[in-house]
Amino acid sequence: MSEPARHPRATATGPGRVLIAVYGIFALSATARAGVQIAGDFGDAPIAYTLSGLAGVVYILATVGLAGTGPGFRRLAWASVTFELVGVLVVGTFTLLVPGDFPDATVWSDYGIGYGFIPLVLPFVGLWWLRRTGRAG
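Structure follows, in structure tokens:
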């Protein structure tokens, strides 16, 4: 007899619901912030405002990926949360090394200092949760 196939657990269970809620809040806040900045003051800091918009899109994709069920959503979550981690590390480092290029902050500036470093911690938690729920059980 062959052993039955085991599937990953859903990411939207237990603590995953809190994680999805946090991602959803960041999706709304980063997208709204970027929208206001781009609409009103884009010429003042185009790089920073574009990066804030990108962060908003990444948070939206991560929220959808984590909340969805099935392998396609799981792949979306992995890709977006990994991109988020790389983004916050690269942008955070760049804003510390070359602050003059960022006359206004982005969500990921200085590793998310303006948001209590949640943008730095969130992708690590997201990746941990994806790994944990990815184990068949």
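For the sequence shown, the numbering used here gives the first residue as 38, with consecutive numbering after it.
Glycine is no exception: its CB is placed at the ideal position from the N, C-alpha and C atoms.
Fewer than three Cβ pairs drawn from the segment 125-133 and the segment 98-113 lie within less than 8 Å of each other, which leaves the two stretches out of contact. A distance below 7 Å between beta-carbons, with the five flanking residues on each side excluded, links D138 to the following residues of its chain, in chain order: I84.
Looking at the backbone, the Cα of E121 and that of T48 are separated by about 18 Å. Here L133 has D147 as same chain residues with Cβ atoms under 7 Å from its own Cβ, once five neighbours each way along the sequence are excluded.
Between F63 and L157, the gap from beta carbon to beta carbon reaches 9 Å or more. Annotated three-state conformation of A67 is helix, per DSSP.
Using a Cβ-Cβ distance cut-off of 8 Å, the segment 85-98 and the segment 161-169 are not in contact, since fewer than three pairs of beta carbons, one from each stretch, lie closer than that value. Our two residues, L91 and R54, have alpha carbons roughly 24 Å apart in a direct line.
Spanning the alpha carbons of A67 and L56 requires a straight line of approximately 16 Å. Distance from P45 to T170 at the Cβ level is roughly 6 Å; contact confirmed, criterion being Cβ atoms closer than 8 Å. Counting only the Cα atoms, R168 lies some 25 Å from Y152. R112 is classed as exposed because its beta carbon has fewer than 16 other beta carbons within 10 Å across all chains shown.
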